[in-house]
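J.: Please find one structure pasted underneath; my questions will follow.
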Amino acid sequence: MPKTYTTKIVGYEFGELLEEIQKDWYEKDRECLDYDAEECFIQPLIEGFHEELMDEYGATDIEVNYDLNYGQGDGCSFTAFFDVDTLLSNLDFWQDLTDDLNSGLLEIDDIRVVRCGYSNHYCHENTCEVEIDWEYNDEYGGEEYGRLQELVDMASIMITNEIRDRLVDLKRDLYSAYEAGTTFEAYQEFMAEHNNLKYTELGEIIPPDLIKDATVVDGVQLQIDFSFDTDADTDSLEIEVL
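What follows is the structure in structure tokens.
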């Protein structure tokens with residue numbers, strides 16, 4: 002016997018759901034939210050840090066490591082090669098070596114940032130340091146070698162301290178960006194701007210195909226009419242989204 006079923010579905014925007022239901026979805030989507038924060042907020046800051054190192058230190062072969070787990074050893078570090086001429090142009094690092102460098106008593110061959118220790122699993126700023134390779138002019142004998150080594154070590158420490166300060170700043174910026182991109186409030190804003198799904202009162206997603214051609218009217222009640230018309234020729238289903 003032919004029958005007609007009329008169903009009315011109450012559909013809610015995400016922002017119209019109870020806050021506890023929104024928070025349930027927030028927890029379910031947290032992994033995706035972390036991924037989006039990595040791509041949209043973290044990576045641009047890392048790329049900006051790369052550019053700073055290249056501009057200010059002539060850095061090449063840069064590899065940045067970071068850990069934002071709010072635990073022991075979290076933070077940032079990196080390895081790279083610094084351009085010698087770029088570093089030598091910053092006289093703050095070489096104040097006590099200027100005359101020696103100009104006289105040819107020593108020559109700086111290589112400046113690089115390395116990890117401290119071969120088995121270090123932490124990522125904080127103190128896990129990297131600057132190493133400087135230099136050559137001593139044998140024409141002067143070995144009498145000046147000890148003094149120059151101390152001065153080169155001092156320059157290495159100064160550069161190390163400077164890059165570690167930059168890494169502390171980077172860690173702060175990364176945490177700020179991550180927190181801003183993964184808070185419940187940020188999730189609510191994202192859903193308001195980009196989510197076109199409709200939900201039941203209990204937070205279940207209404208299948209889009211089910212309502213794509215439905216007549217939409219304002220309403221707040223869920224009404225289901227299972228009465229049937231014995232004179233109808235065919236079964237039919239009418240859906241209205243309220």
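To convert, note that position 16 of the sequence shown is 17 in this note's numbering; the numbers rise steadily by one, no gaps.
Cβ atoms here follow ideal geometry from the backbone N, Cα and C, with glycine treated the same way.
Since the model is a prediction, treat every value here as computed from it, not as a measurement.
Based on the DSSP output, what are the partners of R173 in its beta bridges?
T.: Along the sequence shown, read from residue 1 onward, the residue named residue 173 stands at position 172. Partner(s): none; R173 has no beta bridge.
J.: Flag this pair as yes or no: are the beta carbons of I207 and I63 separated by less than 8 Å?
T.: Start at 1 with the first residue of the sequence shown, and residue 207 comes out as number 206. Start at 1 with the first residue of the sequence shown, and residue 63 comes out as number 62. In this structure, I63 does not lie closer than 8 Å to I207 by Cβ.
J.: Use the C-beta contact count for H122: other C-beta atoms within 10 angstroms, 16 or more gives buried, fewer gives exposed.
T.: As a working note, residue 122 is residue 121 in the sequence shown. Exposed.
J.: Can you look up S8 in the DSSP assignment and give me helix, strand or coil?
T.: Along the sequence shown, one-based indexing puts residue 8 at 7. Reading off the sequence, residue 8 comes out as Thr, not Ser. Strand at T8.
J.: Are E136 and D101 close, meaning C-beta to C-beta below 8 Å?
T.: For this step, residue 136 is matched to residue 135 along the sequence shown. For this step, residue 101 is matched to residue 100 along the sequence shown. For E136 and D101, no; Cβs fall outside 8 Å.
J.: Report the CB separation of G59 from I212 in whole angstroms; it is logged as a contact under 8 Å.
T.: Stepping through the sequence shown from its first residue, residue 59 is reached at position 58. Stepping through the sequence shown from its first residue, residue 212 is reached at position 211. That belief does not hold up - the Cβ atoms of G59 and I212 are roughly 59 Å apart, past 8 Å.
J.: Cα-Cα, which of N66, K199 and Q96 is closest to S157?
T.: Position 156 of the sequence shown, counting from 1, holds the residue named residue 157. That would be Q96, whose Cα lies nearest to the Cα of S157.
J.: By the three-class DSSP mapping on this structure, what secondary structure does S90 have?
T.: In the sequence shown, residue 90 corresponds to position 89, counting from 1. Coil.
J.: Name, in chain order, the residues that DSSP records as bridge partners for W135.
T.: Numbered from 1 along the sequence shown, position 134 holds the residue referred to as residue 135. Partner(s): I109.
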